[in-house]
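What follows is a short report on a single structure.
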Amino acid sequence: MNPYILTALLFGLGLGTTITFASSHWLLAWMGLEMNTLAIIPLMAQHHHPRAVEATTKYFLTQATAAAMLLFASATNAWLTGQWEIQQMTHPLPVTLITLALALKIGLAPVHSWLPEVLQGLDFTTGLILSTWQKLAPFALLLQIQPANSIILVALGLASTLIGGWGGLNQTQLRKVLAYSSIAHLGWMILVLQFSPSLTLLTLLTYFVMTLSAFLVFKLSKSTNLNMLATSWAKAPAITALTPLILLSLGGLPPLTGFMPKWLILQELTKQDLAPTATIAAMSALLSLFFYLRLSYAMTLTMSPNTLAGTAPWRLQPSQFVLPLAVGTTTTLLLLPLTPAAVALLVL
0 MNPYILTALL
10 FGLGLGTTIT
20 FASSHWLLAW
30 MGLEMNTLAI
40 IPLMAQHHHP
50 RAVEATTKYF
60 LTQATAAAML
70 LFASATNAWL
80 TGQWEIQQMT
90 HPLPVTLITL
100 ALALKIGLAP
110 VHSWLPEVLQ
120 GLDFTTGLIL
130 STWQKLAPFA
140 LLLQIQPANS
150 IILVALGLAS
160 TLIGGWGGLN
170 QTQLRKVLAY
180 SSIAHLGWMI
190 LVLQFSPSLT
200 LLTLLTYFVM
210 TLSAFLVFKL
220 SKSTNLNMLA
230 TSWAKAPAIT
240 ALTPLILLSL
250 GGLPPLTGFM
260 PKWLILQELT
270 KQDLAPTATI
280 AAMSALLSLF
290 FYLRLSYAMT
300 LTMSPNTLAG
310 TAPWRLQPSQ
320 FVLPLAVGTT
330 TTLLLLPLTP
340 AAVALLVL
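Structure below.
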């Protein structure tokens, strides 16, 4: 892609999110979300592959549906209450509609079906933007409206953690596994959104760092499915040794960074007298952990039957800029001791 066009599209992505962040009026927030969608569509379709074009079309249709729902709900709110302010949402009908529209935008269960299919048709770089940056603007709106109807948020959160766990069990395509991992993590964030918004933000940030590491590792080893992971030890032995730790951190296993948000969320849910909800969420984390262990097993404990002829692949210079991967991996593995500092920040 032409670097000038790429710069303009990335600027559009940043501007759309910033407009949504800064807006207090529903029309301005909607405009920011639309700019976001329109800026990422050329990035998704840039390879002109039928799968990429299909994924782009699916993404466009779902985002357009969610944006139409959002606009309809905000207009309904203005009609019922005479308010266009984001933080002045008092009527339950538009609040519920907007919550569902934003759930569709970020891919929460039960309106998640588009996310694995879309992510499967993209390359790792665009998939990373879709899994991280594109979640920011809808989350900013969810944090602002603070839906009073807690049953909807708890139901969306539990459905997402369970479906994110179940859906990834029989997947062999890495991008689909990462999509179901995204759905499960979003479920954890939504569960605690109404009780501790700052904890939701902490979970979102740790999810971003862990997902960044996972995507960059798979991009470096050029692995797209489970079988290709078995040959990655020859391409980058050191990274292959660290990758299971990154995946287990995504699964929330102590003593890795991913354990911190899950631990704090379970603690918060228990404080709110939602022990059954916390138990179901913790059990659903075991489902996710199973498919991360499956990927780890395929990567480190199996040898590919085919021999790699020619020059040893690990002698070649990596074509990818590896500093973000180094920083992301270190953060993914070693931040758990900073939990007291994170808790102190949450209290502030």
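Here the sequence shown stands for residues 0 to 347, numbered as in numbering that gives the first Met the number 0. The beta-carbon is built from N, C-alpha and C at its ideal position, and this holds for glycine as well.
DSSP state of Ile-4 mapped onto helix, strand, coil: The answer is helix: DSSP assigns Ile-4 an H, G or I state.
Inter-residue CB distance, Leu-118 and Leu-129 (contact presumed, cutoff 8 Å): So it is a contact: roughly 6 Å between Cβ atoms.
What residue ranges within the stretch 77-131 form continuous beta strand (DSSP E) runs of no fewer than 3 residues, ordered along the chain? Fully enclosed beta strand (DSSP E) runs of 3 or longer: not present.
Along the alpha helix (DSSP H) that carries Gly-163, what are the first and last residues, could you check? Segment 149-166, the alpha helix (DSSP H) holding Gly-163.
Just verifying my parser: in three-state terms, what is the DSSP assignment at His-47? Coil, per DSSP.
Could you say which of Ser-197, Pro-236, Thr-6, Thr-331 lies nearest to Phe-258 if we only look at CA atoms? It is Thr-331 whose Cα lies nearest to the Cα of Phe-258.
For Ala-213, the nearest candidate out of Ile-85, Val-326, Val-346 (CA to CA): Nearest of Ile-85, Val-326, Val-346 to Ala-213, Cα basis: Val-326.
Quick check on DSSP: helix, strand or coil for Asn-169? The answer is coil: DSSP assigns Asn-169 none of H, G, I, E or B.
For Arg-174 and Thr-239, which I take to be in contact (beta-carbon distance under 8 Å), what is that distance rounded to the nearest angstrom? Not a contact, Cβ separation roughly 19 Å.
Sequence-distant residues of its chain with Cβ nearer than 6 Å to Tyr-206 (five each side left out): Around Tyr-206: His-184.
Spatially closest choice to His-24 from Pro-260, Leu-69, Ser-197, Val-216, by CA coordinates: Of all alpha-carbon atoms in Pro-260, Leu-69, Ser-197, Val-216, the one lying nearest the alpha-carbon of His-24 is that of Leu-69.
Inter-residue CB distance, Met-298 and Leu-228 (contact presumed, cutoff 8 Å): Contact flag correct, Cβ pair sits at about 5 Å.
Which residues in the same chain have their Cβ closer than 7 Å to the Cβ of Leu-241, if we skip the five residues on either side of it in sequence? Once the five neighbours on either side are set aside, the close Cβ partners of Leu-241 are Thr-328.
For Thr-124 and Lys-218, believed in contact at Cβ under 8 Å, the rounded distance: In this structure Lys-218 touches Thr-124 by the C-beta definition: roughly 7 Å separates them, less than 8 Å.
Report buried or exposed for Ile-4, applying the criterion of at least 16 other Cβ atoms within 10 angstroms of its Cβ. With fewer than 16 other Cβ atoms within 10 Å, it is exposed.
Would you mind stating whether Leu-96 and Thr-75 have Cβ atoms separated by less than 9 Å? A Cβ-Cβ contact shorter than 9 Å links Leu-96 with Thr-75.
Leaving aside the five residues before and after Ile-144 along the sequence, list all residues of the same chain whose C-beta is less than 7 Å from its C-beta, in chain order. Excluding positions up to five away in sequence, the list reads Ile-85, Met-88, Val-94, Ile-97.
Does the Cβ-Cβ distance between Thr-256 and Leu-200 come in under 9 Å? No.
Quick one, are the C-beta atoms of Leu-26 and Trp-83 less than 9 Å apart? Yes, these two residues count as a Cβ contact at 9 Å.
Which residue or residues does DSSP assign as beta-bridge partners of His-24? Note: His-24 sits in a beta bridge opposite Glu-84.
I'd like to know whether the C-beta atoms of Leu-204 and Ala-280 end up nearer to each other than 9 Å. Not in contact: Leu-204 and Ala-280 (Cβ atoms no closer than 9 Å).
Residues near Pro-115 by beta carbon distance below 6 Å, same chain, minus five either side: So the qualifying residues of the chain are Lys-175, Ala-178.
What are the uninterrupted segments assigned as alpha helix (DSSP H) that are 4 or more residues long and contained completely in the stretch 197-268, given in chain order? Assignment of alpha helix (DSSP H) within the stretch 197-268, counting only whole runs of 4 or more residues, yields 225-228, 231-234, 236-250 in chain order.
Neighbour-count burial assignment, Trp-78, 16 or more Cβ in a 10 Å radius: Exposed, because fewer than 16 other Cβ atoms sit within 10 Å of the Cβ of Trp-78.
Thinking just about the alpha-carbon of each residue, which of Gly-31, Leu-32, Tyr-58, Asn-35 is nearest to the one in Ala-44? Among Gly-31, Leu-32, Tyr-58, Asn-35, the Cα nearest to that of Ala-44 belongs to Tyr-58.
Starting from the C-beta of Trp-232, find all residues in its chain whose C-beta is less than 7 Å away, skip the five residues before and the five after it, and write them out in chain order. For Trp-232, where only same-chain residues beyond five positions count, the Cβ hits under 7 Å are Thr-239.
Straight-line gap, Thr-310 to Ala-235 (C-alpha atoms, nearest Å): Because the pLDDT at Thr-310 is just 46, under 50, the model does not fix this residue reliably, and the value given afterwards should be weighed accordingly. Each residue's alpha carbon lies about 14 Å from the other.
Measure the CB-CB distance between His-198 and Leu-337 and report whether it falls below 9 Å. The sequence shown places Leu at residue 198, not His. 9 Å or more divides the Cβ of Leu-198 from the Cβ of Leu-337.
On the DSSP letters alone, give me the boundaries of the alpha helix (DSSP H) that Thr-299 sits inside. That run of the alpha helix (DSSP H) goes 274-299.
Leu-333 in three-state terms, based on DSSP: Taken through DSSP and simplified to helix, strand or coil, Leu-333 comes out as helix.
Span separating the alpha-carbon of Thr-171 from that of Gly-81: The alpha-carbon atoms of Thr-171 and Gly-81 are separated by roughly 51 Å.
Assuming the contact rule is C-beta atoms closer than 8 Å, Leu-294 and Leu-252 should be a hit. Round their C-beta distance to whole Å, please. Actually they are not in contact, since the Cβ atoms of Leu-294 and Leu-252 sit about 13 Å apart, beyond 8 Å.
Counted within 10 angstroms of its Cβ, other Cβ atoms place Ala-67 as buried (16 or more) or exposed: In the assembly as shown, Ala-67 is an exposed residue. Its beta-carbon has fewer than 16 other beta-carbons within 10 Å.
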